[in-house]
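**Q** I'd like to ask you about the structure that follows.
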Amino acid sequence: MTPAQLREFCLGFNAAVEEFPFTPETSVFKVKGKMFALSALDAEPLKVNLKCEPELAVRLREEHEAIAPGYHMNKRHWNTVTVGGIPDAMLRELVEDSYDLVVAGLPRAERLKLDRP
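For the sequence shown, position 92 matches number 184 in my numbering, and the numbering has no gaps at all.
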């Protein structure tokens, strides 16, 4: 997956936006003000921080060399994934899971708004 494809995929989720609160080089993808992905899209190798269920996060780190505890994040809930180190389909699933975890933590009224076209 290229940086442009990662950006496009992240922005394809309902109400997803890209912001740059840290540096102009660090893209932060949010839904309703809550972060679900973070990446320096011009970095080599390309990496992305993604939210993850704590138990799954540990298992993924054990099974995949390209998945590590979240860099500068709460390591219990975040993983850093080296793009290209896992299949693109798996990366898409992890991004989607991250988005879904964040949406699940939103107030009910906000979640309901996201379900509308």
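Beta carbons are placed, not taken as given, at the ideal position from N, Cα and C, and that holds for glycine.
Does P209 come out as helix, strand or coil in the three-state DSSP assignment?
**A** Translated into positions along the sequence shown, residue 209 becomes position 117. Because the pLDDT at P209 is just 46, under 50, the model does not fix this residue reliably, and the value given afterwards should be weighed accordingly. In the structure shown, P209 sits in coil (DSSP, three-state: anything other than H, G, I, E or B).
**Q** Going straight from the alpha carbon of F112 to that of F105, what length do you get?
**A** Taking the sequence shown and counting its residues from 1, one reaches residue 112 at position 20. Taking the sequence shown and counting its residues from 1, one reaches residue 105 at position 13. Using only the alpha carbons, I get a separation of about 18 Å.
**Q** Please state the DSSP three-state secondary structure of V175.
**A** By one-based count along the sequence shown, residue 175 stands at place 83. In this structure, V175 counts as coil in the three-state DSSP scheme.
**Q** Does the distance from the CB of L142 to the CB of W170 come in under 8 Å?
**A** Against the sequence shown, residue 142 aligns to sequence position 50. Against the sequence shown, residue 170 aligns to sequence position 78. Taking 8 Å as the Cβ cut-off, L142 and W170 qualify as a contacting pair.
**Q** Looking only at its own chain, which residues have a Cβ that is under 8 Å from the Cβ of K139, when we skip the five neighbours before and after it?
**A** On the sequence shown, position 47 is the one that residue 139 refers to. S131, A132, Y163, T172, V173, T174, V175, listed in sequence order.
**Q** Helix, strand or coil, according to DSSP, for E110 in the structure here?
**A** Mapped onto the sequence shown, residue 110 falls at position 18. Strand at E110.
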